[in-house]
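Quick note: the sequence shown uses this note's numbering, first residue 211, plus one each step. Here a beta-carbon is modelled for each residue, glycine too, at the ideal position from N, C-alpha and C. The block underneath contains the structure these notes are about, expressed in structure tokens.
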Amino acid sequence: MLAMLHARACRAHARAGDLRASDREANAALDAYSNAIPLTEDLPSLYWVNLGEIFQLLGSSALNLGHPARALHHFQQAATASMAELRESYDGDSFPRGAAIYEARAAEAHLELGAIERAVAVAHLAVEHMGGVNSARGSTALADLRTKLRVHQGVPEVRSFLEFTA
211 MLAMLHARAC RAHARAGDLR ASDREANAAL DAYSNAIPLT EDLPSLYWVN
261 LGEIFQLLGS SALNLGHPAR ALHHFQQAAT ASMAELRESY DGDSFPRGAA
311 IYEARAAEAH LELGAIERAV AVAHLAVEHM GGVNSARGST ALADLRTKLR
361 VHQGVPEVRS FLEFTA
């Protein structure tokens with residue numbers, strides 16, 4: 211839980227635009243996680259906390275700070291995280307709402323880097339994960355992404371995505 215609190219503090223500092231404080235909390239989150247007791251020995255209510263979840267928050271923080279390449283690096287780490295021979299990656303199939311939100315943020319990072327086609331491909335993954343999930347946060351993440359994509363509606367893939375999600 212301590213690792214998650216540091217990761218949330220990282221995100222709060224990122225939203226406030228404080229890079230140094232955000233980075234300090236990111237490092238504290240990773241340190242706390244690496245020094246934590248095994249999840250199987252922790253409180254059952256913390257079943258959802260793993261290294262992948264921490265990296266997702268660090269990716270979102272990097273995106274808030276205007277560092278899309280760094281955000282994508284963290285999102286990739288979330289997908290491949292392993293620790294002590296245990297698979298610690300973010301499980302989007304078990305948490306579809308969260309997966310959709312993080313995929314929308316990854317699409318936004320691709321868009322900020324000028325990789326429009328890749329942004330649309332990842333945006334489609336976010337829509338797939340949202341299928342059947344009623345979530346205000348997920349819907350807001352997708353709506354925000356659609357707004358940012360509208361600037362590029364002259365690109366056929368973008369136009370198609372906007373029509374598909376209208």
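With C-beta atoms as the reference, is residue i less than 9 Å away from residue j?
i, j, result
"residue 319", "residue 282", "yes"
"residue 336", "residue 376", "no"
"residue 365", "residue 327", "yes"
"residue 311", "residue 351", "yes"
With residue i as the anchor, note down where its alpha helix (DSSP H) starts and where it stops.
i, result
"residue 218", "212–225"
"residue 376", "Taken as a continuous stretch (DSSP letters only), residue 376 belongs to no alpha helix (DSSP H), as it is neither H nor E."
"residue 360", "Where residue 360 is concerned, there is no enclosing alpha helix (DSSP H), given that its DSSP letter is neither H nor E."
"residue 336", "326–340"
Give, in chain order, every unbroken run of the alpha helix (DSSP H) that is at least 4 residues long and sits entirely within the segment 245–317. 261–274, 278–290
Check whether the segment 243–257 touches the segment 273–289, counting contact only when three or more Cβ pairs, one atom from each stretch, lie closer than 8 Å. no
Is it a yes or a no for the segment 225–234 touching the segment 249–259, going by three-plus beta-carbon pairs under 8 Å? no
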